[in-house]
Amino acid sequence: MNGLSPRTRTIALAAALFLLNLGLNRYLYLPGEGVYRESIEDGYASMARFFSQHPNPFGWYPLQYEGLPAHMWYLPAVPYAGALAMKALPTFEQVHVYRMLIATAALLGPVSFFFFVLYFTRSRVWAFLSAIAYSLFSVSYLLYRVVDNDRGLTALPWRLQAMVKYAEGPHNAALLLLPLALVACWRAAVGRRFREILLAAALMALIPLTNWIGAFALALCCLMMLLTGLGAAAHTGFLGRRIVYAGILAYLLAAFWLTPGFIYTTLFNWPADTAYKASGAKQTVAALLIAGPLALRFLFHRLAPRQHYYCFAGLCVYVFGVTVSGYYWFQAGAIPESWRYGPELELFFSAFLFETSRLLWRRGSRAAQAIAAALPAIFLYAAWPQVHEFITKANRVLRPLAPEQTVEYQVTQAIAEQHPQGRVYVSGGTRFRFNAYQDLPQLGGTFESGLRNRVPLDVIYFVRRHESRPVETRAADSILVLRAAGVEYVGIHGPGSTEYYRDFTDPEVFEGKLERVYAEGDDRVYRLPFTGWAHLVLPEELPREIPKGKNAGEAGAYVAAMDDPGRPKLDVRWDGDSRIEIRGRIAPGYRVALRVSYDEGWRAAQDGAPVDVMRDAMGQIVIPARPSVESTIALQYGPDPEQAAGTAVSLAALALALWFARREWLRWRHAG
-2 MNGLSPRTRT IALAAALFLL NLGLNRYLYL PGEGVYRESI EDGYASMARF
48 FSQHPNPFGW YPLQYEGLPA HMWYLPAVPY AGALAMKALP TFEQVHVYRM
98 LIATAALLGP VSFFFFVLYF TRSRVWAFLS AIAYSLFSVS YLLYRVVDND
148 RGLTALPWRL QAMVKYAEGP HNAALLLLPL ALVACWRAAV GRRFREILLA
198 AALMALIPLT NWIGAFALAL CCLMMLLTGL GAAAHTGFLG RRIVYAGILA
248 YLLAAFWLTP GFIYTTLFNW PADTAYKASG AKQTVAALLI AGPLALRFLF
298 HRLAPRQHYY CFAGLCVYVF GVTVSGYYWF QAGAIPESWR YGPELELFFS
348 AFLFETSRLL WRRGSRAAQA IAAALPAIFL YAAWPQVHEF ITKANRVLRP
398 LAPEQTVEYQ VTQAIAEQHP QGRVYVSGGT RFRFNAYQDL PQLGGTFESG
448 LRNRVPLDVI YFVRRHESRP VETRAADSIL VLRAAGVEYV GIHGPGSTEY
498 YRDFTDPEVF EGKLERVYAE GDDRVYRLPF TGWAHLVLPE ELPREIPKGK
548 NAGEAGAYVA AMDDPGRPKL DVRWDGDSRI EIRGRIAPGY RVALRVSYDE
598 GWRAAQDGAP VDVMRDAMGQ IVIPARPSVE STIALQYGPD PEQAAGTAVS
648 LAALALALWF ARREWLRWRH AG
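Here the sequence shown is numbered in the numbering used here, starting from -2 and rising by one per residue.
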């Protein structure tokens, strides 16, 4: 390689890293279902599948949780990238396309880490060694017994284990971008050109548009970079305010999706979905996260004032180490889902370990070089059992399953063969996979952090757990509540099923009470009466409270109204994903109840004239329609004012930023 140019050598090493990771993880590119059935990978694939068919970010997503705005469903980068990949590879099975996309992002992670270390150290050798260690070894297996016990079939590097076993694909995509964003932030801080701020802002915007964990990790890293830069201006020209400017511009560029309402909803749903509660131990860990970096920065300033990269890596190791260790060692996660920052800890651990060795090696003394060689050698020796297991077993034991072999797919197909007109309620992991294969609406889904209407979650939990209800009324209560939610088919996995979760407290609850249309082993599908999506109801027949627990009877009058043969029937037709037409006779005194989640973006017109769209206690749409012998009510979903304003802000920020960049380039060209 000595005869090659420096750039060629760098590219060759980067390519070698990717090919090494590809060879060790080639099972990721095989078709089929993942062997770990607790994974929610198909939930992500279902998003990409939907957006490949309905790419409008201002539209409505009708297939889960009684519907929700498409932009509230999840962050857009991975689903839309998956949608593009599915369009580009139409002959491939769509779950397979998603897995190949996310696998490529994960396997490129060590490559971006290589460039990160190379930028700060200017050493291809040490950057390559750091990236090799990051590719193969995981310090988490050595530090945390829970992680070591979670190896499953083989011990993959933890970032890959989290992806393969728990579907942390978007997190790995954010890990790919994080080192590049940090290099761009440092360049922005030590540079003086606007284009450096623009590049940093673009990468900083892309990460929160990819994954929330990655966004929080980026925020912590930027804080540590600002702390590292204190007092460093004399040596580096570091101006922290330029990172702040890049951060502000990043938000403006991402405001089209990250509206205040979206952020607010996610931040308040996240603790509820993860059962996060504040405690004294968590507050102690939070205090350590604040005080520790300040103390470490002071030590670096006194002992190694010019080692800014070493300081930054050390601060990040501390922050992510305390975050993850607080959870695993003391059950005190300072932030929700603290355990998920393990991959960030491993990234910066590798950077810090090899930077320690590099600095010792540069001292030149035999003792220093011996220590420099010993530090990574000791770690690699301790971690060798897991890497040997990874190298020898991964491609053999993690080969995907044929979908037809899985119980989730079989139940999904059995329901689809019934040609449902209403919703489906499937339990366990089937709900994660259902919409990856079928465009049928289900009561549940995969991602709940963006929900404005959380009543479907209440219904799901009540039917699954039957809280506060005696055994003799469980079936009747559940049927009543499910019918109010528009459910026509229920799929249940009993204790003898091969499905992973099997989360029904009483899987026999509907046996003998509902028509069973499918049974295979301990997996069953039942049919409920379904009379349509919209009905005429009197105001007093609408539930006054959420029908769950002791209030399950609140749905009684509502369901009775649906079954009343004396009332005019309403025909409902979906026109695409965001438009609904309701046709029929509107009797005086009645309202139209539509079993679709209410949102401020819905607009309705009755025979061309605007009509109000209201919300009932179940979070569903109610329309106070005017009496008419024959009427057509058209509902159209469009962006709410906040999303429209956010999009305008993003477009304006992008146009202005490009104008500034072009003006700067013209000045530079003229001066040259």
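Beta carbons: idealized from backbone N, C-alpha and C, even for Gly.
Coarse secondary structure for residue i, derived from DSSP in three states
i: A152; result: coil
i: E414; result: coil
i: I508; result: Looking at the sequence provided, one finds Glu at residue 508 rather than Ile. In the structure shown, E508 sits in a strand (DSSP, three-state: E or B).
i: Y58; result: strand
i: Q366; result: helix
i: G31; result: coil
i: W254; result: coil
i: A654; result: helix
i: M221; result: helix
i: Y141; result: coil
i: T320; result: helix
i: V610; result: coil
i: V646; result: helix
i: S135; result: coil
i: T409; result: helix
i: I332; result: coil
i: S494; result: coil
i: E165; result: coil
i: G361; result: coil
Proximity winner among the options, relative to residue i (alpha-carbon distances)
i: A472; options: L19, E508, Y497 and R449; result: E508
i: F297; options: C308, I287 and G289; result: C308
i: Y338; options: E405, S347 and T320; result: T320
i: W123; options: S347, A214 and Y434; result: S347
i: E193; options: A658, F317 and G643; result: A658
i: A186; options: Y163, P154, G237 and C218; result: G237
i: F351; options: A288, P3 and L126; result: L126
i: A606; options: D613, I630 and G289; result: I630
i: V92; options: G79, A103, A102 and T101; result: G79
i: S625; options: V506, Y587 and A391; result: Y587
i: T495; options: V569, Y486 and Q407; result: Q407
i: A482; options: L217, R420, L293 and A11; result: R420
i: Y26; options: P302, L104 and S43; result: L104
i: F429; options: E30, T5 and F317; result: E30
i: E627; options: S43, G616 and P585; result: P585
i: L567; options: G553, R576 and R582; result: R582
Residue i vs residue j beta-carbon contact at 8 Å
i: N432; j: L86; result: no
i: A251; j: P205; result: yes
i: M222; j: I240; result: yes
i: Q603; j: R623; result: yes
i: V404; j: G488; result: no
i: R499; j: G425; result: yes
i: L448; j: L65; result: yes
i: V619; j: L535; result: no
i: L398; j: V32; result: yes
i: H68; j: P52; result: no
i: G598; j: D637; result: yes
i: A229; j: H305; result: yes
i: A531; j: V556; result: no
i: Y523; j: G56; result: no
Cβ neighbours of residue i in the same chain (closer than 6 Å, five flanking residues each side left out)
i: A369; result: S354, L357 and W358
i: L246; result: A198
i: V136; result: E343 and F346
i: V314; result: F345, F346 and F349
i: K510; result: A472
i: E35; result: Y497
i: F134; result: A380 and V384
i: D613; result: L539 and V619
i: P504; result: I489 and G491
i: V670; result: Since the first and last residues shown for the chain are -2 and 669, residue 670 lies out of range.
i: T233; result: V187
Chain-order list of residues whose beta-carbon lies under 7 Å from that of residue i (same chain, five-residue window excluded)
i: K545; result: D455, V456, F459 and V478
i: F191; result: F657, A658 and E661
i: L291; result: none
i: Q418; result: E485 and F527
Neighbourhood of residue i by C-beta, 8 Å cutoff - its chain only, sequence neighbours within 5 removed
i: L1; result: A9
i: T262; result: M69, S446, G447, L448 and R449
**OP:** Only counting runs of 3 or more residues, tell me where the beta strand (DSSP E) segments fall wholly within the region 513 to 570, in order along the chain.
**Re:** 520 to 524 and 531 to 534
Original post:
Going along the chain, which unbroken runs of the alpha helix (DSSP H) with 4 or more residues stay wholly within the region 416 to 456?
Top reply: Secondary structure remark: continuous alpha helix (DSSP H) runs of at least 4 residues inside the region 416 to 456, in chain order: 427 to 434.
Original post:
Where in the region 569 to 606 do unbroken runs of the beta strand (DSSP E), each at least 3 residues long, occur, reported from the N-terminal end onward?
Top reply: 576 to 583, 588 to 594 and 599 to 603
Subject >> Runs of alpha helix (DSSP H) wholly within the region 59 to 100 (minimum 4 residues, chain order) >> reply: 67 to 70 and 74 to 85
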